[in-house]
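Right, one structure below, let's go through it.
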Amino acid sequence: MSAPTTSGPVPAQVPAPPVQAPGQGPAAAPTPGAVLLDLAGRTALVTGAAGGIGRACALRLAAAGARVRAVDRAADGLEALAEAADGLPGAVEPQTLDLTDLDAAEQAAAGTDILVNNAGIQLVRPIEEFPPDVFHTVLTVMLEAPFRLIRGALPHMYAQGWGRIVNLSSVHGLRASAFKSAYVAAKHGLEGLSKTAALEGAPHGVTSNCVNPGYVRTPLVERQITDQATAHGVPAERVLTDILLKDSALKRLIEPEEVAEAVLYLCTPQASFITGTSLSLDGGWTAH
């Protein structure tokens with residue numbers, strides 16, 4: 006619909022507010038032009054960084070110049086990540102940490118400019134067969150730990166008037182699937198936590214968003230294929246086509262590097278007005 010016309014005088018244009026450098030306050034506006042991918046001088050923390058999406062995010066942020074605290078409980082994977090990051094403009098600092106140690110998680114986030122909550126675990130079982138201890142662990146790692154990490158990161162972000170929180174949610178943060186009660190519950194909770202952080206952080210120049218991929222080519226998804234085959238009683242070779250990608254318009258897995266590009270964009274100056282939202286990378290799944 007076109008804008009209404011007026012017969013009165015044309016009002017004078019209001020000059021744009023001055024562009025502020027990072028850290029000069031919450032009202033900073035992005036510089037017109039190309040998207041700025043330079044994160045030099047920024048400190049980022051990425052959880053679940055030893056593999057999959059977390060590894061891709063850590064490498065992409067380091068390639069943009071950030072100093073990345075790579076957090077995971079898999080020491081071998083972190084060592085391989087550090088080797089892969091050698092020579093990038095930024096740096097990767099491995100930090101072995103089990104996120105069920107919530108106090109340690111909160112302390113690890115202190116002083117970070119960018120927080121990427123990515124770590125996740127999955128178990129596919131009917132509710133009546135789902136182990137309560139596993140349900141508790143999934144919620145601890147995927148919802149309570151992000152809360153504690155955000156809690157630890159916000160004082161520094163607020164003090165400098167700038168911060169980026171990116172929560173790796175999932176299409177399952179927007180839609181449910183059978184046999185994934187803990188994962189779906191955690192992701193739905195993460196969506197709410199992210200929106201709350203966005204509302205509270207807005208006056209302080211801190212954005213908080215979710216990235217919601219469909220099925221990503223990661224070890225977690227590869228393990229799901231076997232679990233789904235058992236849960237649904239179908240051969241493993243049919244799980245990808247008949248179950249995982251059934252509702253996706255694009256019949257392929259998304260690559261971790263594609264997800265990392267979306268995460269990086271949300272950390273740029275041009276994304277400063279994007280907050281409290283969920284960016285779907287689901288191949289058209291939620292278009293139904």
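Heads up: the sequence shown runs through residues 6 to 293, numbered per my numbering.
Glycine included, C-beta positions come from ideal geometry on N, C-alpha and C.
Near asparagine 123, which residues of its chain fall below 7 Å by C-beta distance, leaving aside the five closest residues on each side in sequence? Val51, Thr52, Gly53, Ile58, Gly59, Cys62, Leu173
Spatial neighbours of tryptophan 290 in its chain, beta-carbon cut-off 6 Å, leaving aside the 5 residues before and after: Val176, Gly219, Asp252, Ser253
Under the assumption that proline 99 contacts leucine 120 (Cβ atoms under 8 Å), give the Cβ distance between them as a whole number of angstroms. About 17 Å separates the two Cβ atoms, so there is no contact after all.
To the nearest angstrom, report how far apart threonine 48 and glutamine 112 are at their CA atoms. Taking the straight line from one Cα to the other gives about 15 Å.
Just checking, does the segment 90–99 make contact with the segment 138–151 on the three C-beta pairs under 8 Å criterion? no
Taking the CB atoms as reference points, tell me whether leucine 280 and alanine 203 lie closer together than 8 Å. The identity of residue 280 in the sequence shown is threonine, whereas the question assumes leucine. Against a cut-off of 8 Å, the Cβ pair of alanine 203 and threonine 280 comes out as a contact.
Burial state of threonine 325, where buried means 16 or more other Cβ atoms lie within 10 Å: Past the edges of the chain, shown from 6 to 293, lies residue 325, and the structure says nothing about it.
If you drop the 5 nearest sequence neighbours on each side, which residues of the same chain put their C-beta closer than 6 Å to that of arginine 243? none
What's the C-alpha gap between leucine 66 and lysine 185? 31 Å
Residues bridged to asparagine 123 [DSSP beta-bridge criterion]: In DSSP, asparagine 123 forms no bridge with anything.
Would you please verify whether the beta carbon of valine 171 is less than 8 Å from any beta carbon of chain D? In summary, chain D is missing from the structure at hand, where a single protein chain is found.
Would you identify the three-state DSSP class for alanine 55, choosing helix, strand or coil? Three-state DSSP puts alanine 55 in coil, outside helix and strand.
Please look up how many angstroms separate the CB atoms of threonine 212 and serine 277, rounded, as I've assumed it's under 8 Å. 7 Å
Which residue's Cα is closest to the Cα of glycine 168: Val226, Gly56, His209? His209
Assign threonine 4 to one of three DSSP states: helix, strand, or coil. For residue 4 there is no data in the structure shown, the boundaries of the chain being 6 and 293.
Suppose contacts are defined by Cβ-Cβ distances below 8 Å. Is leucine 269 in contact with alanine 69 by that definition? yes
Nearest-angstrom Cα separation, counted from leucine 249 out to proline 27: Bear in mind that the predicted position of proline 27 carries a pLDDT of just 41, short of 50, making it unreliable; the figure below should be weighed with that in mind. If I take the Cα positions, the gap works out to 41 Å.
Report the rounded CA-to-CA distance for leucine 42 versus cysteine 272, giving the unit in angstroms. 8 Å
So the candidates are Ala71, Leu258, Leu44, Phe152; which of them puts its Cα closest to the Cα of glutamate 227? Leu258
Hey, how far is the Cα of valine 171 from the Cα of glycine 125? 14 Å
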